[in-house]
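The structure appears right after this line, and notes come after that.
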Amino acid sequence: MEFSAQQIADMLGARIEGDPQVKVHNLSKIEEGKEGTLSFLANPQYTRYLYDTEASIVIVNQDLALEKAVKATLLRVEDAYAAFAQLLEAYNQNRHQKTGVHPQASVSESATIGTDVYIGAGCVIDDHVTIGAHTKIYPNTYVGAHSQIGDECLIYSGVQLYDQSVIGSKVTLHAGVVIGSDGFGFAPQGESYDKVAQIGNVIIEDGVEIGANTSIDRATLGSTIIRRGVKLDNLIQVAHNVEIGENTVIASQTGIAGSTKIGKNVMIGGQVGMVGHLTIGNNVKIAAQSGIAGDLPEGAIVQGSPAFPIGDYKKSYVYFRKLPQMAKDIDQLKNQA
Amino acid sequence: MEFSAQQIADMLGARIEGDPQVKVHNLSKIEEGKEGTLSFLANPQYTRYLYDTEASIVIVNQDLALEKAVKATLLRVEDAYAAFAQLLEAYNQNRHQKTGVHPQASVSESATIGTDVYIGAGCVIDDHVTIGAHTKIYPNTYVGAHSQIGDECLIYSGVQLYDQSVIGSKVTLHAGVVIGSDGFGFAPQGESYDKVAQIGNVIIEDGVEIGANTSIDRATLGSTIIRRGVKLDNLIQVAHNVEIGENTVIASQTGIAGSTKIGKNVMIGGQVGMVGHLTIGNNVKIAAQSGIAGDLPEGAIVQGSPAFPIGDYKKSYVYFRKLPQMAKDIDQLKNQA
Amino acid sequence: MEFSAQQIADMLGARIEGDPQVKVHNLSKIEEGKEGTLSFLANPQYTRYLYDTEASIVIVNQDLALEKAVKATLLRVEDAYAAFAQLLEAYNQNRHQKTGVHPQASVSESATIGTDVYIGAGCVIDDHVTIGAHTKIYPNTYVGAHSQIGDECLIYSGVQLYDQSVIGSKVTLHAGVVIGSDGFGFAPQGESYDKVAQIGNVIIEDGVEIGANTSIDRATLGSTIIRRGVKLDNLIQVAHNVEIGENTVIASQTGIAGSTKIGKNVMIGGQVGMVGHLTIGNNVKIAAQSGIAGDLPEGAIVQGSPAFPIGDYKKSYVYFRKLPQMAKDIDQLKNQA
Chain A
1 MEFSAQQIAD MLGARIEGDP QVKVHNLSKI EEGKEGTLSF LANPQYTRYL YDTEASIVIV
61 NQDLALEKAV KATLLRVEDA YAAFAQLLEA YNQNRHQKTG VHPQASVSES ATIGTDVYIG
121 AGCVIDDHVT IGAHTKIYPN TYVGAHSQIG DECLIYSGVQ LYDQSVIGSK VTLHAGVVIG
181 SDGFGFAPQG ESYDKVAQIG NVIIEDGVEI GANTSIDRAT LGSTIIRRGV KLDNLIQVAH
241 NVEIGENTVI ASQTGIAGST KIGKNVMIGG QVGMVGHLTI GNNVKIAAQS GIAGDLPEGA
301 IVQGSPAFPI GDYKKSYVYF RKLPQMAKDI DQLKNQA
Chain B
1001 MEFSAQQIAD MLGARIEGDP QVKVHNLSKI EEGKEGTLSF LANPQYTRYL YDTEASIVIV
1061 NQDLALEKAV KATLLRVEDA YAAFAQLLEA YNQNRHQKTG VHPQASVSES ATIGTDVYIG
1121 AGCVIDDHVT IGAHTKIYPN TYVGAHSQIG DECLIYSGVQ LYDQSVIGSK VTLHAGVVIG
1181 SDGFGFAPQG ESYDKVAQIG NVIIEDGVEI GANTSIDRAT LGSTIIRRGV KLDNLIQVAH
1241 NVEIGENTVI ASQTGIAGST KIGKNVMIGG QVGMVGHLTI GNNVKIAAQS GIAGDLPEGA
1301 IVQGSPAFPI GDYKKSYVYF RKLPQMAKDI DQLKNQA
Chain C
2001 MEFSAQQIAD MLGARIEGDP QVKVHNLSKI EEGKEGTLSF LANPQYTRYL YDTEASIVIV
2061 NQDLALEKAV KATLLRVEDA YAAFAQLLEA YNQNRHQKTG VHPQASVSES ATIGTDVYIG
2121 AGCVIDDHVT IGAHTKIYPN TYVGAHSQIG DECLIYSGVQ LYDQSVIGSK VTLHAGVVIG
2181 SDGFGFAPQG ESYDKVAQIG NVIIEDGVEI GANTSIDRAT LGSTIIRRGV KLDNLIQVAH
2241 NVEIGENTVI ASQTGIAGST KIGKNVMIGG QVGMVGHLTI GNNVKIAAQS GIAGDLPEGA
2301 IVQGSPAFPI GDYKKSYVYF RKLPQMAKDI DQLKNQA
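Next comes the structure, spelled out in structure tokens:
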């Protein structure tokens, strides 16, 4: 799609400075602006880019004073950042306009599909599934039997939902996400192992977003639960019977072992590992690559493997780097003694 | 499905205490019991939950003496845990009852499909593939040319098998598993790299279970081999020409580089990394997040990156935490000297 | 396919020693040779395997002097390794001979498909996609709207390309790869988070190879860029707005946070973590499991979490292992003081 400066100015209530007919088809950062893109200038530190940018249109604040000529068409508004965010959101919304069930999708006759749903080619919707209104499911996704998906979800391509999965509303699942795979439960039987049947499910509450190729195991019994507003990055492992509290944010490649309960508003860095059966309090912060082997009280901030308070870790690590010198000092003291 | 207490009592040979008509449709833990679920009480420590549980039916041991009234219908049996495990298994078996090839699957005319096989919608079975009896393949899975799959396998949705893969019997592959991708082999050619052709395959023996989104690369030449009874968790990386010995168990997000040979009955924690061309003995145990850079003899138990004996690691780590104090002590001693 | 010793000798211009009618259908290492396979002997250290190998044909150097009888048919050539590599490449090429669009693929009418393209069953090619000549796309792959794919690419099964992805020529994407998922961007809004729209894309230049289940997020604005000749292993995470320089090689399970720029010819081990907004110089080498928290100058070689120069890390780690002894020494010195 292309828009003229005039059309965008009308949308934003902006004043045009330059060619109202110039057209754009994409958005850009001002320092990376290319012809045919629209950018914005809000942070005064970036003002120098305004004079050289190749962007065809730049949204600027009402009161910006120019120091020299500008090639781009300017759109002057009260708050350039807010106006740009408004366009960004409109652009983004526009990416997900499809509706209807593609003829090459396979939808069970016992499934219940809400209004304005999109189900792409190659999707398989199994028996007794319920899908809420305005939910979009991209191609080649599988929704297992008896699963429920709420309203206004965005489920990208190649997502795999096992049976009995419960997904709230306004949930986003990125490509390759697996929900409801068996927990890693095996009972030793001599030298080999017997599988422990995993018959629970996964519940994902409203407003959760889950990154590409992340996997969340079903509970052995009961449910693995991801609470309202949680944000999980890509390639994360969530084991059986884990519970993650509201608005907790976890960066990429972190792994959480079985039955661990994580509080609300926790922030966990990338590549963190957590053993099973832990209780992690609210508002905890865990540095990247840490290993968590014990419970953490509310508000703890930790690092290391195993982790301890982050300030102490950083101090210890300073001396870790100085260990060769410390060893020399000890040798010298021994020689003197 | 719903079952009455009477029906379940008949199945287990149990004595009913309470309403024989009460119905259940799911299983639960006694402390999380909800109406319509069946639970069990085997561990005396959980007896207190019996009196408050919302579970509609609870299986208990023959000789359990009640201290007060119980709302749930009780089913008395010789061994409550064994009886519950029996139901769990029956429930689980019941999840995989489908048979037949879905009309929206694509099965090559040269493929050989055993009896009572299920092949879901969107599956693609390529040329010269053989699939054994009673194997279930969930939707949107791809089985590459000349692959062989044994009997009674459970292959979940969105699994990708490259050509020439050999899968034994009673193997479970979870959603998103990739088997047979190219090994990471490149020969430097000036500043760039030439690809080394990867023409081997992957062999997975009987009784192996592989977790969601785990990837196993084909051998450069020969085979990457996962021996009988191995259990791999989610998001694990197994590189080309690796061999993993019988009944070895590996937790999530561990990575094993090319040509490493791992013995039998080894236990490897989560997020472990192993360099290539190692030999790891039988019965080795490796703590989570360890880095393995050298061979390990039979029975070794290690931690750290690089790893060394776990007892020594734990001792060193105690002093790592005390490093700032040790540095102060050294300074004081130097001042005194 | 089967070939006789005579056929292969004709292809390589080799002299036959033994049965010219013996047939092979696969390649093997000489120490793992089986009947029906062809192997080679180039490294004199492996000469002892020649006399016992089960391989039906072995390619050897012109001048090899036999010490005893050999069961296999020998093919004598000028350079045994080069001749074998030639066969390896021919065998490998032969794996990807399919062309045409499978009737069970779903290709948008607005897509542009080049000559000799293969699009497997279950593939979904969305609106306004362009696919170059000789590109092969295996089953169940999704190519999002407005994506461009160059010539001679090899895209395996179950790959997920979001809209607007730009893929160069001679690119290999392994099964389960996700390209263009949203960056992990959320703005705190009280205790919860608002999503920051991610409207950029991913650009992958010529000759890149990306391993199974690796995920590359689209840029917030602009492009996440993987430069010419980069090789990424399996299960790697590349966040939004990252740029990876030419011919850089990254091992499995490494994660790179948002907006980090990596130079050319960098070598990164497995399970490395890198925070966002860093600049990593050309020719840097990073040891496996390291954590990178700051910029690295050209040519730096580092290890540790956080990482520092590898020689210093190794020295510090030697003393980490000796910490209990050092602590004892300090105690003794204190007692003496």
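Residue numbers (the working numbering), protein chains in the order written: chain A, 1 to 337; chain B, 1001 to 1337; chain C, 2001 to 2337.
Cβ atoms here follow ideal geometry from the backbone N, Cα and C, with glycine treated the same way.
In this text, all values refer to a predicted model and were calculated from it rather than measured experimentally.
To the nearest angstrom, report how far apart residue i and residue j are at their CA atoms.
{"i": "Tyr142/A", "j": "His102/A", "result": "14 Å"}
{"i": "Val1177/B", "j": "Thr1214/B", "result": "5 Å"}
{"i": "Glu1031/B", "j": "Glu1054/B", "result": "9 Å"}
{"i": "Leu87/A", "j": "Gln21/A", "result": "18 Å"}
{"i": "Glu1952/C", "j": "Ala2009/C", "result": "This structure cannot settle anything about residue 1952/C, because the visible part of chain C is limited to 2001 through 2337."}
{"i": "Ser2157/C", "j": "Ser1192/B", "result": "27 Å"}
{"i": "Gln1189/B", "j": "Glu2298/C", "result": "21 Å"}
{"i": "Ser169/A", "j": "Gly245/A", "result": "17 Å"}
{"i": "Ala2065/C", "j": "Ala2042/C", "result": "13 Å"}
{"i": "Asp1151/B", "j": "Leu2296/C", "result": "53 Å"}
{"i": "Ile1203/B", "j": "Leu2173/C", "result": "22 Å"}
{"i": "Asn2241/C", "j": "Lys29/A", "result": "12 Å"}
{"i": "Val1196/B", "j": "Asp194/A", "result": "40 Å"}
According to DSSP, residue i sits in a beta bridge with which residue or residues?
{"i": "Gly36/A", "result": "Beta-bridge pairing links Gly36/A to no other residue."}
{"i": "Gly2100/C", "result": "Tyr2118/C"}
{"i": "Leu27/A", "result": "Leu38/A"}
{"i": "Val178/A", "result": "Gln160/A, Ser215/A"}
{"i": "Arg2076/C", "result": "Arg2015/C, Val2060/C"}
{"i": "Val2109/C", "result": "The identity of residue 2109/C in the sequence shown is Glu, whereas the question assumes Val. Answer by DSSP bridge pairing: none, since Glu2109/C is not bridged."}
{"i": "Met2274/C", "result": "Ile2256/C, Ile2292/C"}
{"i": "Pro2309/C", "result": "Val2302/C"}
{"i": "Val1166/B", "result": "Gln1148/B, Ile1203/B"}
{"i": "Lys2231/C", "result": "Glu2209/C, Val2249/C"}
Residues of chain C with a CB under 8 Å from the CB of residue i: which are they?
{"i": "Leu1333/B", "result": "Ile2330, Leu2333, Lys2334, Ala2337"}
{"i": "Ala91/A", "result": "Looking at the sequence provided, one finds Tyr at residue 91/A rather than Ala. Going along chain C in sequence order, the residues near Tyr91/A (Cβ under 8 Å) are Ala2197, Ile2199."}
Mind pulling the chain B residues with CB within less than 7 Å of residue i?
{"i": "Asp182/A", "result": "His1174"}
{"i": "Lys2029/C", "result": "Leu1221, Gly1222"}
{"i": "Gly255/A", "result": "Ser1252, Gln1253, Gly1270, Gln1271"}
{"i": "Arg2095/C", "result": "Asp1163"}
Name, please, each residue of chain C whose Cβ falls closer than 7 Å to the Cβ of residue i.
{"i": "Glu1191/B", "result": "Asn2247, Asn2265"}
{"i": "Asp233/A", "result": "Phe2184"}
Hey, out of the options, whose CA is closest to residue i's CA?
{"i": "Pro2139/C", "options": "Phe1184/B, Asp1163/B, Gly1150/B", "result": "Asp1163/B"}
{"i": "His1128/B", "options": "Gln1045/B, Ile1113/B, Gly1168/B", "result": "Ile1113/B"}
{"i": "Gly2013/C", "options": "Ala2069/C, Ala2083/C, Asn2043/C, Asp2312/C", "result": "Ala2083/C"}
{"i": "Phe40/A", "options": "Gly2245/C, Ser2305/C, Leu2221/C", "result": "Leu2221/C"}
{"i": "Tyr2317/C", "options": "Ile310/A, Ala327/A, Gly311/A", "result": "Ala327/A"}
{"i": "Ser340/A", "options": "Ile179/A, Ile137/A, Thr135/A, Thr130/A", "result": "Because chain A spans 1 through 337 in this model, residue 340/A falls outside it and cannot be assessed."}
{"i": "Ser2106/C", "options": "Arg2095/C, Gln2097/C, Ser2305/C, Tyr2118/C", "result": "Tyr2118/C"}
{"i": "Lys98/A", "options": "Ala293/A, Leu173/A, Ile137/A, Val171/A", "result": "Ile137/A"}
{"i": "Ala2080/C", "options": "Lys2071/C, Asn2094/C, Gln2062/C, Gln2160/C", "result": "Gln2062/C"}
{"i": "Gly18/A", "options": "Gln7/A, Leu75/A, Val24/A", "result": "Leu75/A"}
Strictly below 9 Å CB to CB, what residues from chain B border residue i?
{"i": "Gln2045/C", "result": "Within chain B, no residue comes near Gln2045/C; the closest Cβ sits about 15 Å away, beyond 9 Å."}
Thinking C-beta only, is residue j closer than 8 Å to residue i?
{"i": "Ser1252/B", "j": "Ile1236/B", "result": "yes"}
{"i": "Gly281/A", "j": "Ala307/A", "result": "no"}
{"i": "Lys1264/B", "j": "Thr1248/B", "result": "yes"}
{"i": "Gly273/A", "j": "Thr260/A", "result": "no"}
{"i": "Leu1232/B", "j": "Ile1210/B", "result": "yes"}
{"i": "Ile2207/C", "j": "Gly2183/C", "result": "Residue identity differs from the one stated: residue 2207/C is Gly in this sequence, not Ile. In this structure, Gly2183/C does not lie closer than 8 Å to Gly2207/C by Cβ."}
{"i": "Thr1047/B", "j": "Ile1057/B", "result": "no"}
{"i": "Tyr91/A", "j": "Lys68/A", "result": "no"}
Using a cut-off of 9 Å between C-beta atoms, extract the partners of residue i located in chain C.
{"i": "Pro306/A", "result": "Going along chain C, no residue has its Cβ under 9 Å from Pro306/A, so there is no contact; the nearest lies around 13 Å."}
What in chain A is Cβ-close to residue i, meaning under 7 Å?
{"i": "Met1185/B", "result": "Met is not the amino acid found at residue 1185/B; the sequence shown has Gly there. Neighbours of Gly1185/B on chain A: none; closest Cβ ~23 Å, over 7 Å."}
Is there a Cβ from chain D that is less than 8 Å from the Cβ of residue i?
{"i": "Gly2211/C", "result": "Annotation note: the requested chain D is absent from the structure, which comprises protein chains A, B and C."}
Interface residues of chain B around residue i at Cβ under 8 Å?
{"i": "Gln237/A", "result": "Asp1233, Asn1234, Leu1235, Ser1252, Gln1253, Gly1270"}
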